[in-house]
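Asks: Can you read through this structure? Questions will come right after.
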Amino acid sequence: MSLTGRREGGKRRAWILFVSSCLPVSILLSSEDARANPLDAFGFGSRETAMGGAVAADVSDFSAGYYNPAGLAKARGFELSIGYFRADHSLSMNGMNSGVDPVKGIVGGAVVPGKIYGLPFAVGVGLNLPDDRLTRVRALAQDQPRWELYDNRNQRLWFGVNAAISPFPWLQIGGGVTFMAATLATLDISGHIDLIEPTDSSLRHQVQADLKSVTYPDFGARVEVTKSFALALVYRGQFGLDLNVAANVKAGVGAGAAGDLTTLALALHDDTIDSFLPQQVVLGGSWKLTDDLRTNLDVTWVNWGAYVPPVSKLETQLSAPLPPGTTLPGGVMAPTTPAPTVILPISIHDTFVPHVGVEWRALTRPTWEGFVRGGYEYDRSPIGAQTGATNYVDRDRHAFSAGLGVRLLAPGKVLPGDVRFDVHGQLSVLPTETTTKTDPSDLVGDYTAGGHIWNVGLMATVGF
Amino acid sequence: MRIPGLCVAVAIALAWASSADASPEDLFGWGPRSPAMGGTGAAASYGADAAYTNPALLSLVHHNVLTLGFSGATFDLHADGAGLPGRVSVIPAKGYVVGAEVPIPFGGILRDRIAVGMAFYTPTDALLRGNILYPETPEYALLADRAQSLAVRIGAGVDVGYGIRVGVGVATLAELVGGIDVINTAGTVGAHVDDQLVAKYAPTVGLAYDLPFDRAPDGSSRWRIGATWRGKLDATFGVNIDASKLSTLNLPVFNIAGVAQYDPEELSVEVAHVRDGWTLAAGITWKHWSAYPGVFEPTIICPADQDCNALTPPVVAYSDTIVPRVGAEKLFALPRHVALRARAGFFLEPTPVPGTLPSSQAYDQTTQALVDVPTRFFDTTRYVFSLGGGVDLGDYGPFTVDFWGQYHLLASTTVSTCAGGSCSPDPGPAKLSGNVLAYGLLAGVRF
Chain A
1 MSLTGRREGG KRRAWILFVS SCLPVSILLS SEDARANPLD AFGFGSRETA MGGAVAADVS
61 DFSAGYYNPA GLAKARGFEL SIGYFRADHS LSMNGMNSGV DPVKGIVGGA VVPGKIYGLP
121 FAVGVGLNLP DDRLTRVRAL AQDQPRWELY DNRNQRLWFG VNAAISPFPW LQIGGGVTFM
181 AATLATLDIS GHIDLIEPTD SSLRHQVQAD LKSVTYPDFG ARVEVTKSFA LALVYRGQFG
241 LDLNVAANVK AGVGAGAAGD LTTLALALHD DTIDSFLPQQ VVLGGSWKLT DDLRTNLDVT
301 WVNWGAYVPP VSKLETQLSA PLPPGTTLPG GVMAPTTPAP TVILPISIHD TFVPHVGVEW
361 RALTRPTWEG FVRGGYEYDR SPIGAQTGAT NYVDRDRHAF SAGLGVRLLA PGKVLPGDVR
421 FDVHGQLSVL PTETTTKTDP SDLVGDYTAG GHIWNVGLMA TVGF
Chain Y
1 MRIPGLCVAV AIALAWASSA DASPEDLFGW GPRSPAMGGT GAAASYGADA AYTNPALLSL
61 VHHNVLTLGF SGATFDLHAD GAGLPGRVSV IPAKGYVVGA EVPIPFGGIL RDRIAVGMAF
121 YTPTDALLRG NILYPETPEY ALLADRAQSL AVRIGAGVDV GYGIRVGVGV ATLAELVGGI
181 DVINTAGTVG AHVDDQLVAK YAPTVGLAYD LPFDRAPDGS SRWRIGATWR GKLDATFGVN
241 IDASKLSTLN LPVFNIAGVA QYDPEELSVE VAHVRDGWTL AAGITWKHWS AYPGVFEPTI
301 ICPADQDCNA LTPPVVAYSD TIVPRVGAEK LFALPRHVAL RARAGFFLEP TPVPGTLPSS
361 QAYDQTTQAL VDVPTRFFDT TRYVFSLGGG VDLGDYGPFT VDFWGQYHLL ASTTVSTCAG
421 GSCSPDPGPA KLSGNVLAYG LLAGVRF
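Protein chains in written order, with the numbering used here: chain A, 1 to 464; chain Y, 1 to 447.
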């Protein structure tokens, strides 16, 4: 080896050392901002959704940040993507529409590839921005029937920044850390409560609230076994959105604007974990059967067994002592602390989710190409039969998807790369089944639940 | 520095960095250069700095660069006088900084004309801190808590030609809104919770013009003027707690709300001059603080069709401010394209808080009556001195390292805290003073 070559080799080793030791830090810094339940359910990007989400070994655009960050290192050039999707639920219980909110929003991102010391390196940004809100924490009583995995969990921002390198032509590795905001708040209320006209109460409050970051890792690897066959392994970390609010009320209580009959001491502590995302491991394969035909298979292990249902854990302490024999205005007796709700454990288990997808380059012309895509995903319900007091409703899901794509090659001097347009449609069918309660006197009783979900979207990508 | 050593240095720095900021970019600036140059940059920025200082100058970007680092600040704030603690306890701020600058590789007439940039800061302790304290609690809310906030800014700049550059950008924050309804079913307590994080956005528009005279030998202009307008960026905390069904007591609905973060609308104008390795910049920033609603909101919301006697929070008459800034950078070119840069700057940040604060009302449980209490919402004018430097490794590697430090000297100020009221005991004037040390260390890589 020449001196120059040795020096270049030293630089490469230094760069690999730099990347391998700094990448976790850099990703922590650049990091991602949110989480992926809507992506699990409805995909990320039209091409990927149309292929049933089976792209762990076959993705290099902005969506690689979710499906497999390692794929970013396969990007051919700078890319910008933007699109929109909407998923409408037609889910019902006992023939009544459950009114699950649609999931809709902007999808997009960018991939910035480059090289350092000859090693392919790329940074990718991906965004799923819901129209209505960044996140929502919603907790219902555990006996209130709700579509547990669709009711609120998909109302969530996902913003990811990932990085990837390709230390060898046959290997790509990448990853990132995603973080979202959990709320931790302490509220103090003081003053005087007017029991006759509560809105005349002389109360003040102070707040000490933090939006805390919650981090979880994602990383992946892609190995090109042969020119036409690649394998991928992806890990996605566990996540839960926590809302922890402690409210302390210490106020005089009386009839009128002033004068206390007693002092109310009320402490409320509410802790709710919502939008729980279990950790996942994806094993994927991609076969290029011909120059124009590719088929993919992914299997995802989902650790649903660790699931925390979004039921509010509320603790209270209430004290308003009165002298013996006296009552509050209106003959109201001194209140007592009510008992807390006992939260029943949820019956839920891990699942394996198969995804299959196929992409066919159906048309090849000098200036454009046309693609046809299809896919299927089977989500077996992880939630056990709701025969007791809880009503976490769920059903198996069969998701059939299809899509079309057009790629314009070098459409002009300003755009020397390509421009792509992709559309997708996905129909998720949740077979109708009946849940039978073991207790004939159950307040909710037996119910029949099922339905379907339509998901449509489109993407535009400019590649340079 | 060897590359692994650089990495270790960055990692160690990240590990111990212990103070940082909150609308940190408004307090200290953002990026490798601007904070060292007195917060200038509307005309003098290049690279990721421009995502905050002036997105039009992102059009100067011609390489992919990723910047990582940390910044922090420690506070030594004092409030002396009757009933005051002397030193006001403040948690140091610290956080991670990420920047990205990416040229968009169009061809034809758009070649080398458009670039995008991102400025990102995340505190290590909390993405967003909302401390809304009772008015009589001494606090420097515009200084300390504002340094505990996530910052996300994205911008794009276009070189229009003829020396004109334009840019747009957006900044975003999240605010919490919702409610907790306490329910009591047959003696068992539970809750319905529905809270949402909602995005708040603020636009940024930038403009720069290379003056067509006094050109350097390579034809570039030695003079540039720049202007940046940034929209208001605020985030509230609002949770309604309805415990009226908890017990037999007829409790009101508690409106627990306030403004957790606030950056006023701003307009910066600046001129920069480049000659013989020197970059000199001077400018002013107008801040529309008079639109600031203050942090407080009433605990009881009076129905629209009803007259109520609920307490109303104090109203502070904030005033607009004008911030003058100057900054300088000296480039030392070394062999093999290695470059060293030294930077310095100064800015004067006047306080928007008046010297006379109104009294606040509170219910005193001892006398069982409403009383006046002082309003101790403190802030003072700051004199800010900044220094910094950087190195570009040139042919030795695609890396840069930059650092900066700022010393904020709080002007000694006397504030009246009970105007228009009859606080008992009379709190007397509050004497304010202190200083802030802010710093940052960033490493960049071209790829």
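Just so you know, even glycine gets a beta-carbon here, dropped at the ideal spot from N, CA and C.
(1) Considering Y:P103, what are the terminal residues of the beta strand (DSSP E) in which it resides?
(2) Using a C-beta to C-beta distance shorter than 7 angstroms, which residues of chain A count as neighbours of Y:G190?
(3) Note down the Cα distance separating A:S201 from A:M333, rounded to an integer number of angstroms.
(4) Please return the same chain residues whose Cβ sits closer than 8 angstroms to the Cβ of A:S26, not counting the five positions on each side in sequence.
(5) Relative to chain A, which residues along the region 242–268 of chain Y have a C-beta separation below 9 angstroms, given in chain order?
(6) Can we say the region 405–414 of chain A touches the region 370–379 of chain A, given the rule of at least three CB pairs closer than 8 angstroms?
(7) Is there a C-beta anywhere in chain A that falls below 9 angstroms from the one on Y:R343?
(8) Distance, Cα to Cα, A:D442 vs Y:I183?
(9) If we count Cβ pairs, one from each stretch, closer than 8 angstroms, do we get three or more for the region 232–252 of chain A versus the region 199–214 of chain A?
(10) So A:I343 packs on A:V311, CB below 8 angstroms; how close in whole Å?
(11) Say whether the region 160–176 of chain Y touches the region 223–243 of chain Y, bearing in mind that this needs 3 or more beta-carbon pairs closer than 8 angstroms, one atom from each stretch.
(12) Excluding the five sequence neighbours on either side, which residues of its own chain have a C-beta within less than 6 angstroms of the C-beta of Y:N64, listed in chain order?
(13) Could you tell me whether the Cβ atoms of Y:E297 and Y:A342 are closer together than 9 angstroms?
(14) Using 9 angstroms as the threshold, is the C-beta distance between A:T135 and Y:A310 below it?
(15) I'd like to check one pair, A:T186 with A:Q155: are the Cβ atoms closer than 9 angstroms?
(16) Can you name the residues of chain A whose CB is closer than 7 angstroms to the CB of Y:V198?
(17) Report yes if the CB atom of A:V282 is closer than 9 angstroms to the CB atom of A:L268, and no otherwise.
(18) List the residues of chain Y that A:D270 touches, going by C-beta distances under 7 angstroms, in chain order.
(19) Can you give me, in chain order, the residues of the region 198–222 of chain A that have a beta carbon less than 8 angstroms from any beta carbon in chain Y?
(20) So, helix, strand or coil for A:F42, using DSSP?
(21) What is the residue span of the beta strand (DSSP E) that Y:A115 lies within?
(22) Note down, in chain order, every chain A residue with its Cβ under 9 angstroms from the Cβ of Y:Y365.
(23) Could you check where the alpha helix (DSSP H) with Y:D26 kicks off and where it finishes?
(24) Does the beta carbon of Y:T299 sit closer than 9 angstroms to a beta carbon anywhere in chain A?
(25) Output needed for A:S90: all residues of its chain with C-beta closer than 6 angstroms, excluding positions within five of it in sequence on either side, in chain order.
(26) Cutting at 7 angstroms between CB atoms, please list the residues of its own chain near A:R153, excluding the five before and the five after it.
(27) Candidates Y:T285, Y:S268, Y:S412 and Y:G394: which alpha carbon is nearest Y:G206's?
(28) Tell me, please, which residues DSSP counts as bridged to A:G83.
(29) Would you identify the three-state DSSP class for A:A267, choosing helix, strand or coil?
(30) DSSP three-state label for Y:K232, please.
(31) Are any of the Cβ atoms in chain Y nearer than 9 angstroms to that of A:G357?
(32) Tell me which residues share the same chain as A:G325 and place their Cβ nearer than 6 angstroms to its Cβ, disregarding the 5 neighbours each side in the sequence.
(33) Is the Cβ of Y:N240 closer than 9 angstroms to any Cβ of chain A?
(34) The alpha helix (DSSP H) spanning Y:A50 covers which residue range?
(35) Since A:F464 meets chain Y, which of its residues come closer than 9 angstroms, beta carbon to beta carbon?
(36) Using CA atoms only, rank isn't needed, just tell me which of A:S381, A:Y376 and A:L415 is closest to A:G52.
Replies: Looking at the coordinates:
(1) Residue 103 of chain Y sits at position 103 when you count from the first residue of the second sequence. Y:P103 -> beta strand (DSSP E) spans A93 to P103.
(2) Working through the second sequence from its first residue, we reach residue 190 of chain Y at position 190. Chain A residues near Y:G190: A141, S312, L314 and T341.
(3) Locating residue 201 of chain A in the first sequence gives position 201, where the first residue counts as 1. Locating residue 333 of chain A in the first sequence gives position 333, where the first residue counts as 1. A:S201 and A:M333 have their C-alpha atoms spaced approximately 20 angstroms apart.
(4) Counting from one through the first sequence, the residue named residue 26 of chain A turns up at place 26. Residue placement at A:S26 is flagged as unreliable, the pLDDT there being 36, under the threshold of 50; the coordinate-derived value follows with that caveat. The answer, listed in chain order, is A163.
(5) A243, S244, L246, S247, T248, L249, N250, L251, P252, V253, F254, N255, I256, A257, G258 and A260
(6) yes
(7) Residue 343 of chain Y sits at position 343 when you count from the first residue of the second sequence. No, its Cβ sits nowhere closer than 9 angstroms to a Cβ of chain A.
(8) Here residue 442 of chain A refers to the residue found at position 442 when the first sequence is read from its first residue. Here residue 183 of chain Y refers to the residue found at position 183 when the second sequence is read from its first residue. When rounded, the distance between both Cα atoms is 20 angstroms.
(9) Contact holds: three or more Cβ-Cβ distances are below 8 angstroms.
(10) Translated into positions along the first sequence, residue 343 of chain A becomes position 343. Translated into positions along the first sequence, residue 311 of chain A becomes position 311. With 8 angstroms as the limit, A:I343 and A:V311 qualify as a contact, their Cβ atoms being about 5 angstroms apart.
(11) Remark: three or more beta-carbon pairs, one from each stretch, lie closer than 8 angstroms, so the region 160–176 of chain Y and the region 223–243 of chain Y are flagged as touching.
(12) For the purposes of this step, residue 64 of chain Y is taken as residue 64 along the second sequence, with counting starting at 1. Cβ within range, chain order: V102 and F447.
(13) Position 297 of the second sequence holds residue 297 of chain Y. Position 342 of the second sequence holds residue 342 of chain Y. Their beta carbons are not under 9 angstroms apart, which means Y:E297 does not touch Y:A342 by this criterion.
(14) Numbered from 1 along the first sequence, position 135 holds the residue referred to as residue 135 of chain A. Numbered from 1 along the second sequence, position 310 holds the residue referred to as residue 310 of chain Y. Contact: no.
(15) Taking the first sequence and counting its residues from 1, the one referred to as residue 155 of chain A is at position 155. Taking the first sequence and counting its residues from 1, the one referred to as residue 186 of chain A is at position 186. No. Outside cutoff.
(16) If you number the second sequence from 1, residue 198 of chain Y lands on position 198. Near Y:V198 (Cβ distances below 7 angstroms), the residues of chain A are R133 and L134.
(17) Working through the first sequence from its first residue, we reach residue 282 of chain A at position 282. Working through the first sequence from its first residue, we reach residue 268 of chain A at position 268. Contact flag unset, no.
(18) Residue 270 of chain A sits at position 270 when you count from the first residue of the first sequence. What A:D270 touches in chain Y: I180, A191 and V193.
(19) P198, T199, D200, S201, S202, L203, R204, H205, Q206, V207, Q208, A209, D210, L211, K212 and S213
(20) Translated into positions along the first sequence, residue 42 of chain A becomes position 42. Three-state result, A:F42: helix.
(21) Position 115 of the second sequence, counted from the start, is the residue given in the question as residue 115 of chain Y. Run containing Y:A115: I114 to P123, per the beta strand (DSSP E) assignment.
(22) Taking the first residue of the second sequence as 1, we reach residue 365 of chain Y at position 365. Strictly speaking, residue 365 of chain Y in this sequence is Gln, with Tyr absent from that position. Neighbours of Y:Q365 on chain A, chain order: S190, G191, H192, K250, A251, G252, D260 and T263.
(23) Here residue 26 of chain Y is taken as the residue at index 26 of the second sequence, counted from 1. Per DSSP, Y:D26 belongs to the alpha helix (DSSP H) from P24 to F28.
(24) Position 299 of the second sequence, counted from the start, is the residue given in the question as residue 299 of chain Y. In terms of beta-carbon proximity, Y:T299 lines the interface with chain A, with at least one pair separated by less than 9 angstroms.
(25) Locating residue 90 of chain A in the first sequence gives position 90, counting from the first residue. Counting only Cβ-Cβ distances below 6 angstroms, and skipping sequence neighbours, we find G451 and H452.
(26) Residue 153 of chain A sits at position 153 when you count from the first residue of the first sequence. Counting only Cβ-Cβ distances below 7 angstroms, and skipping sequence neighbours, we find N37 and S275.
(27) Locating residue 206 of chain Y in the second sequence gives position 206, where the first residue counts as 1. Answer by Cα proximity: Y:S268.
(28) Sequence index remark: in the first sequence, residue 83 of chain A carries index 83 (1-based). BP columns for A:G83 point to A:V107 and A:M459.
(29) Reading the first sequence from its first residue, position 267 is the one you call residue 267 of chain A. If DSSP states are grouped into helix, strand and coil, A:A267 belongs with the strands.
(30) As a position in the second sequence, residue 232 of chain Y is number 232, starting the count at 1. Of the three classes helix, strand and coil, the one that applies to Y:K232 here is coil, per DSSP.
(31) As a working note, residue 357 of chain A is residue 357 in the first sequence. Nearest CB-CB separation between A:G357 and chain Y: not below the 9 angstroms threshold.
(32) As a working mapping, residue 325 of chain A is identified with position 325 in the first sequence. Nothing listed; no residue qualifies.
(33) Mapped onto the second sequence, residue 240 of chain Y falls at position 240. Not an interface residue.
(34) Here residue 50 of chain Y corresponds to residue number 50 of the second sequence, with the count starting at 1. Start and end: A50 to T53.
(35) Along the first sequence, one-based indexing puts residue 464 of chain A at 464. Simply I104, P105, F106 and G107.
(36) Counted from its first residue, the first sequence places residue 52 of chain A at position 52. Answer by Cα proximity: A:Y376.
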